[in-house]
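Okay, structure first, notes after.
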Amino acid sequence: MRYILYRTLLLIATILMAFTLTFLMLKALPVDIVKNMVARSMAVTGAALGDPEAVQRMYDMYYELFGLKGSLLEQYLGFLRRFLTLDFGISILARPTTVREIISYRLPWTTTLLAFSIVIAWILGNIMGAIASLFEGSKMSKTLQAIAVTLYPIPYYVFAIVLTYLFAYIIPLFSLAPVRIPENIFSLEFLSAIFQAMTLPALSIIIPGALGWWFLSSRALALNILSEDYYYYGEIQGLPKRLLLRKYMLKNIMMPQITALSLNLGGIFGGALLTEMLFNYPGLGQLLYQAVNAGDYPLVLGIVSLSIIGVAVAAYILDLIYPLMDPRVRYG
Amino acid sequence: MTLQKALSKSLRIFGILKRVLKFSKKFRIGFILFLAILALGLASNFSPPYYSYLYYLPTGMQPKFESIDLIFGTTADGRSVFWVLTHAIMNSLIIAFVTAMIACHIGLVFGLIAGMKGGAVDKTVMFITDAFIAIPGLPLTIMLVMILKPIVNLIIIGIIISIISWPWSSRMIRAMALSIKEKDFITSAQLSGMSTLKIIFLEIFPHILGFHLTNIINTMLGAIGAEVGLAFLGLSILEIDTLGTMIYWIQRYGAMLRNMWWWVLPPVMTLIFLFIALYLISAGLQEYLNPRLRGGR
Amino acid sequence: MSQDAALIINNIFGGYFVKYNGSKYVDAVNDVSLLIRRNEIFGIAGESGCGKSTLLKIIYGYLRPPLIVKQGSVILPLKDEKVSILSLSEEERRRKVWWKVISWIPQNSMNVLNPTMRIKDNFVEIMRAHMNIAKKEAMEMAIDYLHKTGLPKDVINAFPHQLSGGMRQRLVIALALITKPQIILADEPSTALDVVMQRGVLQLLANSQRTLRNTIVMVTHDLAIHAMLCDRVAIMYAGKIVEIATSKELFEDPLHPYTQMLLASLPRLGDKELRQGIRGSPPDLSAPPKGCRFHPRCTYMKEICKSEPPLLVEADKEHFVSCYLYSGV
Chain L
40 MRYILYRTLL LIATILMAFT LTFLMLKALP VDIVKNMVAR SMAVTGAALG DPEAVQRMYD
100 MYYELFGLKG SLLEQYLGFL RRFLTLDFGI SILARPTTVR EIISYRLPWT TTLLAFSIVI
160 AWILGNIMGA IASLFEGSKM SKTLQAIAVT LYPIPYYVFA IVLTYLFAYI IPLFSLAPVR
220 IPENIFSLEF LSAIFQAMTL PALSIIIPGA LGWWFLSSRA LALNILSEDY YYYGEIQGLP
280 KRLLLRKYML KNIMMPQITA LSLNLGGIFG GALLTEMLFN YPGLGQLLYQ AVNAGDYPLV
340 LGIVSLSIIG VAVAAYILDL IYPLMDPRVR YG
Chain H
132 MTLQKALSKS LRIFGILKRV LKFSKKFRIG FILFLAILAL GLASNFSPPY YSYLYYLPTG
192 MQPKFESIDL IFGTTADGRS VFWVLTHAIM NSLIIAFVTA MIACHIGLVF GLIAGMKGGA
252 VDKTVMFITD AFIAIPGLPL TIMLVMILKP IVNLIIIGII ISIISWPWSS RMIRAMALSI
312 KEKDFITSAQ LSGMSTLKII FLEIFPHILG FHLTNIINTM LGAIGAEVGL AFLGLSILEI
372 DTLGTMIYWI QRYGAMLRNM WWWVLPPVMT LIFLFIALYL ISAGLQEYLN PRLRGGR
Chain A
1172 MSQDAALIIN NIFGGYFVKY NGSKYVDAVN DVSLLIRRNE IFGIAGESGC GKSTLLKIIY
1232 GYLRPPLIVK QGSVILPLKD EKVSILSLSE EERRRKVWWK VISWIPQNSM NVLNPTMRIK
1292 DNFVEIMRAH MNIAKKEAME MAIDYLHKTG LPKDVINAFP HQLSGGMRQR LVIALALITK
1352 PQIILADEPS TALDVVMQRG VLQLLANSQR TLRNTIVMVT HDLAIHAMLC DRVAIMYAGK
1412 IVEIATSKEL FEDPLHPYTQ MLLASLPRLG DKELRQGIRG SPPDLSAPPK GCRFHPRCTY
1472 MKEICKSEPP LLVEADKEHF VSCYLYSGV
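Residue numbers (this note's numbering), protein chains in the order written: chain L, 40 to 371; chain H, 132 to 428; chain A, 1172 to 1500.
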């Protein structure tokens, strides 16, 4: 119970901290962000050039949107409300659609890709690491180890560049043109379009994740388990190898690896956003890129606050699942 | 007086370096690789004055070995890839170094306080640290850089990346401080009436030094990656050459589409080698510092 | 061989190939032959590092690098066939021998249970692996069995960390007995326990032996345990068996100088004199002394001891010793 409480407080603190930092930056900024934005907005729409009243209305709207009106406390609370509800008004880039609408349209793409590739990478990497530890010293294991050490420190998005260069330009297996998604979601074209869109971004998350990150950490944990008394006892009992791998090795690796996943979720997520962008994948990453380049502050704020809240909540859920699985750390 | 002693103990860092060089093959390879990249970066000091001019050289030229300007070819906007690369390396390393200096020392202070004081202080500091760790780094930095865009420079980028990097060092240092605190020589120092500050500086810090160094390397690794990430979105300092902005311009000019491999490969390969070098250095250090990993199966 | 043999060990040579600063061979078990009978508790005693645990691993056929067997055989006379353990493949050992005929109580047995597995799964898995029964049946048997052994029933759903050290220890013994094996190998089963718990564990083992009438091979450095529990005891020194006798005979009339010194080092009630330790230290098994391996520490050392290893001879009925004091050269 105390653990849940602590973790919940931590979740709130995390989100508040990220939010407060942003708020303070907005406040402390020597330049007038709203002026900037109004200029942008007018440039995009080409409207309201001669109408000072309309310009004033726009100023008012943005001042309110960014909580720059009223007392400091009002400003803080108002902005916090928008931060939590992603209510950042209308996007400059895609007027008159609201930020929330655009994001909710793109979100499923991102969550599908991420959930899919992170889970696959995690499972694959852990199993491979554990198996490699059983064949420690063999050529295969040494090769995998060398690959892992190379992949481990490289961020996804740098790896993604290599993949793009290889498979979209040098050996053109995939096209980087934005994918047209057919209306009928049960058709073959739909599946092939999804495949086209997803394969490279998924690979560039799965390969370094499975073969680098999770492989290395799982192998290190597995090597430790091999020297544990309980593993030795299991072997001496003559239990089947698969059982040893599953219940003695993987189950004990899984626990710390879930914590590791929760700790690194933020990093994985951030990297994956950039990967999406590189591959023209119709998710949040690409949207973020467009928003940043168009100076669409409301949209950027929306995407970023969603990411922060989303990742924090996901890590929170993982951390609550963890004690359910590890009998040693039941809620104290 | 104490400061002097503490400083002289800090100089042990060179002793550690020397011993790790002997001890770990990983470290040696990483170190040499890093020195090679650093040397390339330092070569930026010899760049000709026209290196920053656009369209000074012919555009999109393949590598030619007739002059050093053309040795890696030229970019689509007529600059020497070689000189741009040297500056990019230097600037990326500066960002990395600034970040490491800020983040690791914040981490060091918080980690030491938490580890040494224990109790409520420890709990509070760890709570803040954990809360920061749970913030996804890249989105937060994107937001901050976007807001600060008008005034951003190398140092500010470093500061912003520090905000998301320090908790990792803090955690590591705290764990080390906790384990060292239990050791006999600390107890005897406490019993002999040494002040906490003195104990931290004279007794604990020397033992943490190696781990501090590991943190610095890891933070540099993360910072270089983060800058590249920001640059992907066009959020780095586009007027300055960094490894990140180099890749940004490659994307912008469609260098891959035009198969200008001589422009694409240098920054990408440098990045990969730099990541591997720093990782090997850090892994070698950790093997040296952590006897459990030593030797090996 | 005699009808009542449970395990026949012939001229085992085994040890470790260690690769560290070049490779070297640690000669942990050198020319060991033993005949272990049915329905007896056979003790193997010796200082730590004398090769007794290694010998046990070889008997069981648990050979993991760097452990190798250079020579020798372990014969297991079953009802209809004689199984040579070392010439089987590990897969065959797992199927035919391990836990079916020989089970094992490991060292440090309080902490050998998989922390993420419930107690019942330990029983179920071991039964499924060696008894060819379905999961449900196995579960029923396990519950029934625990009940019979007098262990609380709710233990079955617990995880190891929820139980006391003594309880875990008893469960490990129960695991070793569940398939009713003919032979149980116990490797320092009670080391690292406090005296009270030690007594309980040993009692449990001895009681089970009395009812099951099986064979226990007990390896421990603790001579008091041998005196209390074992029918016969072998003394091992630096990879070699130096003396075998019934425990009564061994403790009353030790023949080998090493055994004599070992016993002299034990405390006795009412004796306030400082006990004598054994001078010198056990030899480095990667370069053991020539001849009798004990000669550098032996007070009765003769010239021949330096060059020729003595043979194990029957000095008295059922009393074997490997020393030139008795073989009369």
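Idealized CB from N, CA, C, for every residue including glycine.
What would DSSP say about residue i, mapped onto helix, strand or coil?
i          : result
L:Tyr-287  : helix
A:Ser-1204 : strand
H:Ser-413  : helix
L:Phe-206  : helix
H:Gln-193  : coil
A:Gln-1242 : strand
L:Pro-362  : helix
L:Gly-176  : coil
H:Asp-200  : helix
L:Ile-131  : coil
A:Gly-1185 : strand
H:Ser-211  : strand
A:Ala-1199 : strand
L:Thr-59   : helix
A:Met-1172 : Residue confidence for A:Met-1172 is low, a pLDDT of 43 falling below 50, so the modelled location carries little weight; the figure read from the coordinates is stated next. It is coil, neither helix nor strand.
L:Thr-137  : strand
For residue i, I'd like the list of residues in its chain whose CB is within less than 7 Å of its CB, leaving aside the five on either flank, ordered along the chain.
i          : result
H:Ile-290  : Ile-233
L:Phe-213  : Phe-206, Ala-207, Gln-235, Thr-238, Leu-239
L:Val-343  : none
A:Lys-1477 : Lys-1461, Gly-1462, His-1466
L:Ala-299  : Ser-256
H:Gly-415  : Val-151, Ser-155, Lys-157, Phe-158, Gly-161
Following the continuous beta strand (DSSP E) through residue i, name the residue where it begins and the one where it ends.
i          : result
A:Lys-1253 : 1253-1255
A:Asp-1487 : 1484-1487
Just to confirm the assignment, what range does the alpha helix (DSSP H) spanning residue i have?
i          : result
H:Phe-263  : 250-264
H:Ile-160  : 156-173
H:Trp-299  : 285-312
A:Phe-1294 : 1290-1302
H:Thr-272  : 268-279
H:Trp-380  : 374-383
Quick one: what's residue i bridged to in DSSP?
i          : result
A:Phe-1213 : A:Val-1388, A:Arg-1403
A:Glu-1501 : The requested residue 1501 of chain A is not part of the displayed model; chain A covers only 1172 to 1500.
A:Ile-1180 : A:Leu-1205, A:Val-1245
A:Lys-1190 : A:Ser-1194
A:Ile-1355 : A:Ser-1274, A:Ile-1387
A:Trp-1269 : A:Ile-1273
H:Thr-401  : According to DSSP, which records beta bridges pairwise, H:Thr-401 is partnered with nothing at all.
H:Thr-205  : H:Ser-211
Within its chain, find whatever has a CB closer than 8 Å to the CB of residue i; leave out the 5 residues flanking it on each side and keep chain order.
i          : result
H:Ile-407  : Gly-161, Leu-164
A:Leu-1456 : Gly-1186, Val-1197, Asp-1198, Ala-1199, Gly-1220, Gly-1222, Ala-1409, Gly-1410
A:Ile-1344 : Ile-1276, Ser-1280, Pro-1360, Val-1372, Leu-1375, Leu-1376, Ser-1379
L:Tyr-370  : For L:Tyr-370, the predicted model reports a pLDDT of 43, less than 50, meaning its position is unreliable; a value from the coordinates is still stated below. The residues are Met-40, Arg-41, Tyr-42, Ile-43, Pro-362.
A:Lys-1253 : Ile-1246, Leu-1247
Using C-beta distances below 6 Å, list every residue in its chain close to residue i, excluding the 5 sequence neighbours before and after it, in chain order.
i          : result
H:Asp-200  : Ser-211
A:Leu-1238 : Tyr-1187
H:Arg-428  : Reliability fails at H:Arg-428, whose pLDDT of 29 lies under 50, so the model's placement of it is uncertain and the value that follows must be treated cautiously. Excluding positions up to five away in sequence, the list is empty.
A:Thr-1225 : Ala-1199, Val-1200
H:His-338  : Ile-311
A:Leu-1348 : Ser-1379
Positions along the region 242-263 of chain H whose CB lies within less than 8 Å of some CB in chain L:
Phe-258, Ile-259, Asp-261, Ala-262, Phe-263
Which residues, in order along the region 223-242 of chain H, keep a beta-carbon less than 8 Å from a beta-carbon of chain L?
Listed by position along the chain: nothing, the set is empty.
Of the residues that make up the region 159-172 of chain L, which ones have a beta carbon closer than 7 Å to any beta carbon in chain H?
For the region 159-172 of chain L, there are no residues whose beta carbon sits under 7 Å from a beta carbon of chain H.
According to a CB-to-CB cut-off of less than 9 Å, which residues of the region 1276-1302 of chain A neighbour chain L?
Pro-1277, Gln-1278, Asn-1279, Ser-1280, Asn-1282, Val-1283, Leu-1284, Asn-1285, Pro-1286, Thr-1287, Met-1288, Arg-1289, Asp-1292, Asn-1293, Glu-1296, Ile-1297, Arg-1299, Ala-1300, His-1301
With 8 Å as the limit, tell me which residues of the region 342-367 of chain H have their beta carbon closer than that to any beta carbon of chain L; keep them in chain order.
Leu-352, Gly-356, Val-359, Gly-360, Phe-363, Leu-364, Gly-365, Leu-366
Determine which residues of the region 1228-1250 of chain A have a Cβ less than 7 Å from any Cβ of chain L, and write them out in chain order.
Tyr-1233
Give, in chain order, every residue of the region 1248-1270 of chain A whose Cβ lies closer than 7 Å to some Cβ of chain L.
Arg-1265, Trp-1269, Trp-1270
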